[in-house]
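Here the sequence shown is numbered in the numbering used here, starting from 28 and rising by one per residue.
A quick write-up on the structure given underneath.
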Amino acid sequence: MASTFIPTSLTGCLLWLDANDTTTINASISPSQNITKTTATNTIWNDKSGNSRNMTQSTTSSAPTYGVMANGMLGLSFKGNKYMTNTTIPFPTSYSVFAVGCGTGTGYGRILNGNTTTNDGNLFMGADTTGSYYASFVGNGGSWNDANANVTNYNCNSLCLMEMTNNNTSNGLIPYFNGIAQTPKNGTTVAFTGLSVGLSYNNGDQYWNGYVCEIIIYNSVLSTSNRQLVEGYLANKWRFNSSLPKTHPYYNYPQITAGITPSSIANCVLWFDANDSSTISMSSSKVSEWRDKSGNNYKVIQPNSGNQPTYTTNLLNGKPGIVLSNTSWLYQLGSNISAFSGSSDTTVFIVARNDSSLPANGWSIVNTMWFTQANGTGTYRYHFSFASSLTPGVTSIQSYYPYTSNQDTTNVVGYGENAIIGFSWSSTSNVIYVNGNTTTFSGQTVLSADNSTTVFNFGDSRQSSYIKDIAIYEFIGFNSKLTTVQQQQIEGYLAFKWGLQSNLPKTHPFYSIPQSAFKFNNINSNSLINVWPGFIYAYTGTTDPIGWVICDGQIRTDNSDGKYNNLAAMGIGTGGSGTSNYRPPDLRNAFLRGDSIGTATSKGTSTPAISASNVNNFQSPVFPNHTHSGNTSTNASIISETTHYHVFYTYNDDFNCTNASNNQHLGAFGSCRDGANVTRDNKSNGYDGGDRVNVNGNSGATHYPIDNKTITSSDAGHNHSITFSSTGDTDTNPYNYSINWILKY
């Protein structure tokens, strides 16, 4: 099944707050509780962007409550004097902001407010002075540019999407409401730090007084197609996609795009992405810091300008990379990382280019070391490189204490070649990955010494004799040994992202199909939420799952929030629009078949069907046109007659015995009274079909019976109907397994 877009699929995601993700809320709701009947105070709202910019509220009485909104989805209620803040979010001067919610105030209400200090005039997003219409404006940190409602007025008292983009120019702030652009406004502003959700922090007023569902912020103005991706994601997820313009590309269907991110697979602890410039700090293309996107807040740094690697644009298929040389490297700064300890399994994937043609050069892509000094010097734990000491381009994994070395000498990465390489490390087996090919070695354990003090670096900061001529595009690390399926999923993700599909073996599952065609995370209650309305799926449950309805033809009375309106608009089922009732189609005991419009009508037919589409309609039980052969007689001549008649005879047993001694009536085959013998010679004598009877002893008299031949009237040719006894059942079915069809609304 196609995987749907998530906000972090786009680069530069600054903040992502999602109230429908229960893992990001600390409302302490027990799994045994019915969330539809529970509200709970929430003091932390965790950021999903990977930047750990969580919203908090230390005062319980001011914390929002968590529960179910009218449309059945989970949201945070900021009704009353509720708000949350983060004082460290760096807010740029160019950005794109999206917020889903609804307010019920009577005056200015801020769903999002710039800055958490006494300064005002940075960013306002919420309701205007009436409390009803969407307003967004910015300022210079002391005064506002335009503190009026956006034009045209749109009411934000029901669930909606409020958004704006700003490029820091006099006409550069463009507000959007449910995907509809409003009149541009003055967007000149200043950078600031900190955000609050639900109030004007410096004034302690202008509370939002409503629900907040999701907030997404990017550190740039998104392109039209990317902005619409986010709009489609939010509108379909929060069930108001019918409020988008009908010309919107995701009015009827949610967006489908690059599916997973590395963090979609469990135990992702490191993720460096050169294609995400928001994670890189540099000056004149010299990189001083590269930040981790896994959510664990690791980073590698190089404060010494003389040793800083170079950020190079358009390095691989239009995407950038970071180039390291013999004198440049990056090393970890911060807390110890468990991913590369000797006590844990490890899997690493890297997209890199081999820039050296010499043996022992290209050392080392990753060096994991004992932590001994701030800049990463110390004793090696193990390292992963593009070269052995003898052969260039041979991917090598080497460990120390005791020393071991594994090398893939078959899949060599030549000078100047880009490759997807990696390794997995466990106590049972070690595997080297090169462009989807695997080489397995027996397992080994490294470093029985202290495993708790572990750092890593890109390049070799300790042994300068090892030249590090490499370019790195992306690095992903897991503190587990991935399954074969997961390994191939990551390879597919990297291959299609960096344009290296042809590097994979033709037998690789993602050689020609991007991994975004599939969904990789474990199936859970939300796994099938974000498919398009009208999608039908086989389901072995007996009750409606969230976001779906069983196609049993039974009336549902829970359409007060309009959740079935999409199906009604598509002509699926009845009701659902302007009424609280909806009846799904009755697909019990039914098979699904493809519509014939625009296709051949039957096998071997080249002329397409010309009938109109029959989608969403039923076909009565039918058999294909056919014939039966057989006769009602074995006499073919009778069957072929055009007319026919029947013949039968009657015999009179009276004889005229004039020459007998006594004139008696004789039986046709009896004897005369005087004892004369009567014989029947079966010979016709003028009588058609009659018998001549000789009566001997009575003067040889010969007597004839009176014969009658009767012929019926002729009749036209005809046939006879034959009725066979019934067999079988009420249905015509092959061998089958019973399920419920469920329909996405």
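Just so it is clear, CB atoms sit at the ideal spot from N, CA and C, and this is done for glycine as well.
Every value quoted in this text rests on a predicted model; they were computed, and no experiment measured them.
Under 8 Å by Cβ, that's how I've got residue i and residue j pegged, so tell me the actual separation to the nearest angstrom.
i	j	result
GLY225	THR196	No, GLY225 and THR196 are not in contact; Cβ-Cβ is about 29 Å, not under 8 Å.
PHE118	ASN236	With 8 Å as the limit, PHE118 and ASN236 do not qualify as a contact, their Cβ atoms being about 24 Å apart.
PRO773	GLY589	In the structure as shown, the chain begins at 28 and stops at 772. Residue 773 is therefore absent and cannot be evaluated.
ASN381	GLY443	7 Å
GLY102	ALA154	No, GLY102 and ALA154 are not in contact; Cβ-Cβ is about 17 Å, not under 8 Å.
VAL165	ASN149	7 Å
LEU188	GLU258	6 Å
PHE537	ALA522	6 Å
TRP452	ASP372	6 Å
ILE503	TRP298	5 Å
ASN177	TYR161	6 Å
VAL248	SER121	6 Å
Helix, strand or coil for residue i? Go by DSSP, reduced to three states.
i	result
PHE523	helix
ASN182	strand
ASN22	This structure gives no information on residue 22, because the portion of the chain shown stretches from 28 to 772.
LEU256	helix
LYS264	helix
ALA617	coil
ASN113	strand
ILE517	helix
ASN594	The sequence given here places Leu at residue 594; Asn does not occur at that position. Residue state, collapsed to three classes: helix.
THR465	strand
SER332	helix
ASN246	coil
GLN20	Outside the shown range of the chain (28 to 772) lies residue 20, about which nothing can therefore be said.
SER451	strand
ASN341	strand
ASN193	strand
SER79	coil
THR572	Note that residue 572 is Pro in the sequence shown, not Thr. If DSSP states are grouped into helix, strand and coil, PRO572 belongs with coil.
ASN149	coil
THR92	strand
VAL512	helix
GLN528	helix
PRO202	strand
THR70	coil
SER784	For the chain, the structure presents residues 28 to 772; residue 784 sits outside this window and is missing.
THR373	strand
Is the CB of residue i under 8 Å away from at least one CB in chain D?
i	result
GLY568	Here there is only one protein chain, and chain D is not present.
With a CB to CB cut of under 7 Å and the five nearest residues on each side skipped, what residues in its chain are close to residue i?
i	result
ILE207	PRO272
ILE201	MET191, THR192, ALA208, PRO211
SER332	LYS313
ILE766	ALA565, TYR566, THR567
ASN549	Unreliable positioning characterises ASN549 in this predicted model, as indicated by a pLDDT of 33, which lies under 50. The coordinate reading is nonetheless provided below. Once the five neighbours on either side are set aside, ASN549 has no close Cβ partner at all.
LYS64	Per-residue confidence for LYS64 stands at a pLDDT of 40, beneath the threshold of 50, marking its modelled position as unreliable; the derived number appears in the next sentence. So the list is empty, once near-sequence residues are dropped.
SER315	SER308, MET309, ILE328, GLN329, PRO330, GLN335
ASN108	SER89, TYR234
THR133	GLY158
Return the chain-ordered list of same chain residues with a C-beta closer than 8 Å to the C-beta of residue i, the five sequence neighbours on each side being excluded.
i	result
THR339	SER312, PRO347, GLY348, ILE349, VAL350, ALA498
THR606	ASN586
PRO58	Because PRO58 sits at a pLDDT of 37, beneath the cut-off of 50, its placement in the model cannot be relied upon, and the following sentence gives the value as read from the coordinates. Taken in chain order, the list of residues that qualify is empty.
Leaving out five residues on either side along the sequence, give the residues of the same chain with a beta carbon under 6 Å from the beta carbon of residue i.
i	result
TRP171	GLY148, PHE164
HIS275	GLY206
THR220	PRO117
PRO34	CYS40, TRP43, ILE243
ASN776	The structure shown does not extend to residue 776, since the chain is modelled only from 28 to 772, so the question has no answer here.
SER554	With a pLDDT of 36 at SER554, under the threshold of 50, the modelled position of that residue is not reliable, and the figure given next carries that caveat. None.
VAL217	ASN167, GLY168
SER227	ARG137, ASN140, GLN233
ASN302	LYS346
GLN515	PRO536
THR467	SER456, VAL458
THR465	VAL458
ASN146	GLY168
The region 342-357 in contact with the region 496-503 per 3-pair CB rule at 8 Å: Flag = yes, the region 342-357 and the region 496-503 touch.
Cβ contact (3+ pairs, closer than 8 Å) linking the region 246-254 and the region 170-181: With the cut-off at 8 Å, the region 246-254 and the region 170-181 do not touch.
3 or more residues per run - each beta strand (DSSP E) lying fully within the region 288-324: List check, beta strand (DSSP E) in window: 295-300, 307-310, 313-318.
Validate contact between the region 122-138 and the region 77-91 using beta carbons, cut 8 Å, 3 pairs: Touching, no, given that fewer than three Cβ pairs across the two stretches are closer than 8 Å.
At least three beta-carbon pairs within less than 8 Å, the region 518-528 to the region 444-453: Touching, per the Cβ criterion.
Meets three-Cβ-pair contact criterion under 8 Å: the region 263-271 and the region 287-305: With a cut-off of 8 Å, the region 287-305 and the region 263-271 do not count as touching, because too few Cβ pairs lie within range.
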